[in-house]
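Trainee: There's a structure below that I have some questions on.
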Amino acid sequence: MAEPDDKEWRRMFVKVCGLTTEEQIDWAIELGYSAIGVMTTPKSKRYRTPEQARALAGYARGRITTFAVALAASEVAEVADAFDVVQLYRWTDLPNLAFCSSNPPEPGQTSEYFFYDASAGSGVFEEFPDWVRAQPGRVVLAGGLDPDNVAEVIDRHRPYGVDVSSSVETAPGVKSYDLMRRFKAATERPEVLE
Numbered sequence: 014m015a016e017p018d019d020k021e022w023r024r025m026f027v028k029v030c031g032l033t034t035e036e037q038i039d040w041a042i043e044l045g046y047s048a049i050g051v052m053t054t055p056k057s058k059r060y061r062t063p064e065q066a067r068a069l070a071g072y073a074r075g076r077i078t079t080f081a082v083a084l085a086a087s088e089v090a091e092v093a094d095a096f097d098v099v100q101l102y103r104w105t106d107l108p109n110l111a112f113c114s115s116n117p118p119e120p121g122q123t124s125e126y127f128f129y130d131a132s133a134g135s136g137v138f139e140e141f142p143d144w145v146r147a148q149p150g151r152v153v154l155a156g157g158l159d160p161d162n163v164a165e166v167i168d169r170h171r172p173y174g175v176d177v178s179s180s181v182e183t184a185p186g187v188k189s190y191d192l193m194r195r196f197k198a199a200t201e202r203p204e205v206l207e
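Start counting the sequence shown at 14; every next residue gets the next number (the working numbering).
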């Protein structure tokens, strides 16, 4: 019975969000992250203009999965075609949608990924509710995860993946290679892989 879990551990989806530079994309690729997120909502401290967002998506294309992250579809309209996935906090019927919410999706609200995020981008950690474990599909946990708590969250909830942003920064939008490395390492569980 432990074998399927072992295989899931090896393929843990790990996304780093709020990237603002090509160098940060290089770090994510080097460290083995599964995906990157670029903020296209003007309300974010990590906001990239449509031109900047397109340039970052172009730089990453074919090397790592890219997410355009915003509150609503209108905020990604100019750049959605440049990204692999559109991540929204307001549900919209899109084929490449990653839906973010602190509530279970309503019947009919299907998406490629479901991101549980009670922090709504604030980076404040709150314990994840039990219903998240039973949610079908690609469930990604986000909100206040850091190098010190992510392994325990993975152990407890067994998600498809995890997402990080502010806890791997020295300032909003300024990622730390060392913190990104520590977070990614904490998602890899050698004792489980043996």
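Just so you know, even glycine gets a beta-carbon here, dropped at the ideal spot from N, CA and C.
1. Beta-carbon within less than 7 Å of ARG194's beta-carbon, same chain only, minus the 5 sequence neighbours each way: which residues are those?
2. Which class does ALA155 belong to by DSSP, given the choice of helix, strand or coil?
3. What is the residue span of the alpha helix (DSSP H) that PHE138 lies within?
4. Drop a sphere of 10 angstroms on the beta-carbon of VAL187, count the other beta-carbons inside from all chains shown, and report buried for 16 or more, exposed for fewer.
5. Which residues in the same chain have their Cβ closer than 7 Å to the Cβ of ALA131, if we skip the five residues on either side of it in sequence?
6. Can you tell me where the alpha helix (DSSP H) holding MET193 begins and where it ends?
7. Judging by CA-CA distance, which residue of ASP168, PRO117, GLN65 is the nearest neighbour of GLU35?
8. Mind reading off the beta-carbon distance from SER180 to LEU158? Whole number of angstroms is fine, and I expect it under 8 Å.
9. Tell whether a beta-carbon distance below 7 Å holds between TRP144 and PRO117.
10. ASP97 to VAL27, Cα distance in whole Å?
11. Assign VAL58 to buried or exposed, taking buried as 16 or more other Cβ atoms, counted over all protein chains shown, within 10 Å of its Cβ.
Mentor: In this structure, then:
1. Working through the sequence shown from its first residue, we reach residue 194 at position 181. The answer, listed in chain order, is LEU44.
2. What you label residue 155 is simply residue 142 of the sequence shown in a count that begins at 1. In the displayed model, ALA155 falls within a strand according to three-state DSSP.
3. For this step, residue 138 is matched to residue 125 along the sequence shown. From DSSP, PHE138 is part of no alpha helix (DSSP H); its letter is neither H nor E.
4. Taking the sequence shown and counting its residues from 1, the one referred to as residue 187 is at position 174. The residue in question, VAL187, is exposed, as its Cβ has fewer than 16 Cβ neighbours within 10 Å.
5. The count along the sequence shown starts at 1 and reaches residue 131 at position 118. Result list for ALA131: SER115, GLU139, GLY156, in chain order.
6. Working through the sequence shown from its first residue, we reach residue 193 at position 180. Segment 190-199, the alpha helix (DSSP H) holding MET193.
7. Position 22 of the sequence shown, counted from the first residue, corresponds to residue 35. Among ASP168, PRO117, GLN65, the Cα nearest to that of GLU35 is on GLN65.
8. As a position in the sequence shown, residue 180 is number 167, starting the count at 1. As a position in the sequence shown, residue 158 is number 145, starting the count at 1. Indeed, because the Cβ distance is near 7 Å, the residues count as touching under 8 Å.
9. Translated into the one-based positions of the sequence shown, residue 144 becomes position 131. Translated into the one-based positions of the sequence shown, residue 117 becomes position 104. In this structure, PRO117 lies closer than 7 Å to TRP144 by Cβ.
10. Against the sequence shown, residue 97 aligns to sequence position 84. Against the sequence shown, residue 27 aligns to sequence position 14. Rounded to whole angstroms, ASP97 to VAL27 spans 15 Å at the Cα level.
11. Your numbering for residue 58 matches position 45 in the sequence shown. In the sequence on display, residue 58 carries Lys and not Val. Per the 10 Å Cβ criterion, exposed.
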